[in-house]
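Residue numbers (my numbering): 24 to 130.
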């Protein structure tokens with residue numbers, strides 16, 4: 024398989040997992056921490072979808088989703104992602120995204 028195709032497949036699957044996780048969160052079914060725990064324990068992911076997105080940078084994830092949404096229905100960025108990026112909550116690099124990092128994590 025070509026490297027480019029492999030990268031596209033991985034990105035699409037990863038973003039789809041993140042999107043479904045955000046839908047679960049926005050519907051009030053579970054919080055980001057619980058979803059991450061479930062996906063690590065149940066699906067064997069090394070990082071949960073929220074920790075992964077926070078590590079990548081929520082602004083980066085927003086840009087990727089906007090790109091995919093141009094050609095694929097269902098990849099529209101979720102409201103909570105747009106809100107976080109607009110507030111400057113970009114993940115690890117700002118200390119807060121879907122999860123909290125640093126001293127904010129214990130407050």
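The beta-carbon is built from N, C-alpha and C at its ideal position, and this holds for glycine as well.
Handout entry: Residue from 79, 96, 89, 93 with nearest C-alpha to residue 112
Key = 79
>> Just verifying my parser: in three-state terms, what is the DSSP assignment at residue 65?
In response: helix
Euclidean distance between Cα positions of residue 73 and residue 121:
6 Å
For this session: May I ask which residues mark the beginning and end of the alpha helix (DSSP H) holding residue 90?
Result: 81–92
Practice prompt. Have a look at the DSSP bridge pairing and note the partners of residue 19.
Written response: Given that the chain is displayed from residue 24 to residue 130, the structure contains no residue 19 and the question cannot be resolved.
Subject >> Unbroken alpha helix (DSSP H) run spanning residue 46, endpoints >> reply: 26–49
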